[in-house]
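Remarks on the structure that follows.
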Amino acid sequence: MTVPTENPTIEIYPSRETTVGNISVKRALPKRQRRNIGAWCFADHFGPHQVKGTSSIEVGPHPHIGLHTVTWLLEGEIIHRDSLGSEQLIRKGELNLMSAGYGVAHSEEPSGRKIDSIHGIQLWVAQPEATRSNGPVFEHHSALEQKEFDNAIATVLVGTFAGSTSRARTDTAIVGVQFDLAVGSSAVEFNPAFEYGVIVLQGKVSLGESLLSPGFLAYLGEGREELEFTAHNPSILLLIGGEPFNEPTLMWWNFVARTREEVTEAYSQWQSRSIRFGTVDSRLTRIDAPTPHWLNKNQ
Ligand code: MN
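Positions 22 to 320 (our numbering) are the ones given, in order, by the sequence shown.
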């Protein structure tokens, strides 16, 4: 049981700028010092990027194991295609959730329609031992529960927040909520058994003494009963949290596994086009896996 503390932690981590497919991202998770927040293990904030005509994100077919991908847009459109045969347009306010389990492949592509900009976040959630060997599943949720606060509208992507529960699948106790903030302060209730993190997607928000803007993750720890935040201009933040996830994961490339042997097997099977990952009906080029460093004799 978690005992609420009087001064719960707040740790600020700068995101790392990197590139995925054709687009630059701010990688908020994982950090060397902070691998997970609940079972959330990866977070790439992309944009807002101005785009020309119908261009958008282009990430060719690639595999996943042992994780859920959670895709959420603030602007623009993407088409998701996967080896289950799914083809799904995703827009602002909609959620794509893909549970990889034993193995799946997918691509992210332009919709073919004209957009002005692309802005969003993709997160991964580690699957627990109980479900990580199951078959893959894809879900799309176009209507999400919302809750109004004094200066905020909360949209519940996954889990339960302030009495509202998302229909999206969860394999562990997690929560993901977007807050659209008007200028001013808001206080929201937390579950003291959860650890939490905040990623500002737009604007400027104070959490206690800390001023947060896009490009930073605030880790809030466990034991909080509530959080107060103050938006200095209209802002959007993403709250992620969950019960601490204590399974010892090995995250390598697009795989969340437990051992090098598992990763090596998944790597070999993707490279040899094994039926494990199926095929994605995509015009984009399939993405090869890098060689795991433990297989590379030159290192
Ligand atoms: Mn992916």
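Even for Gly, the Cβ is constructed at its ideal location relative to N, Cα and C.
Counting along the chain, the unbroken beta strand (DSSP E) around tyrosine 34 starts and ends at 32-35. For alanine 287, the enclosing alpha helix (DSSP H) stretches over residues 281-292.
Nearest in C-alpha terms to proline 235, of all of Phe67, Arg56 and Ala60, is Phe67. Under the criterion of beta carbons closer than 8 Å, glycine 156 and arginine 297 do not qualify as touching, at roughly 11 Å. Relative to ligand 1, the beta carbon of histidine 127 is positioned inside 7 Å of a heavy atom.
Rounded to whole angstroms, the gap between the alpha carbons of histidine 162 and serine 187 is 9 Å. A Cβ-Cβ distance of about 6 Å is found for the pair tryptophan 93 and leucine 178, placing them in contact under the 8 Å criterion.
If you check the C-beta of asparagine 57 against ligand 1, you find no heavy atom less than 7 Å away. In this structure, isoleucine 58 lies away from serine 231, with their beta-carbon atoms at least 8 Å apart.
Assigned with DSSP and collapsed to three states, arginine 134 falls in coil, not helix or strand. The beta carbon of histidine 85 sits closer than 7 Å to at least one heavy atom of ligand 1. Per DSSP, reduced to three states, the secondary structure at tryptophan 274 is coil, with no helix or strand assignment. Partner residues in the beta bridge of glycine 141, as assigned by DSSP, are Phe67 and Leu94. Closest by C-alpha distance to isoleucine 220, out of Arg48, Thr181 and Glu166, is Arg48.
At the C-beta level, proline 35 and leucine 241 stay beyond 8 Å of one another. For threonine 186, the distance from the CB to the nearest heavy atom of ligand 1 is not below 7 Å.
Note that the segment 241-259 does not touch the segment 284-296; fewer than 3 beta-carbon pairs, one per stretch, sit closer than 8 Å. Inclusion of glycine 218 and leucine 233 in the CB contact set at 8 Å is not warranted, their separation being larger than that value. Boundaries of the beta strand (DSSP E) around aspartate 201: 195-202. Rounded to the nearest whole angstrom, the C-alpha separation of glutamate 96 and leucine 259 is 15 Å.
A direct Cα-Cα distance of roughly 22 Å separates phenylalanine 215 from valine 277. Under the DSSP assignment, threonine 251 falls in the beta strand (DSSP E) whose first and last residues are 247-252. Judged by DSSP secondary structure, histidine 162 falls within the beta strand (DSSP E) whose first and last residues are 158-162. For valine 219, DSSP records a beta bridge to Ala239 and Leu260.
For aspartate 103, the beta-bridge partners assigned by DSSP are His127. Taking 7 Å as the cut-off, the C-beta of threonine 193 does not count as close to any heavy atom of ligand 1. Within 7 Å of the C-beta of threonine 90 there is at least one heavy atom belonging to ligand 1. Relative to leucine 248, the option among Glu268, His89, Ser45 and Val226 whose CA is nearest is Val226. Taking the Cβ atoms as the reference, aspartate 201 lies roughly 7 Å from alanine 173, within the contact range of under 8 Å. Sequence-distant partners of tryptophan 291 (beyond 5 residues in either direction) whose C-beta falls short of 7 Å from its own C-beta, in its chain, are Pro84, Phe298 and Ala310.
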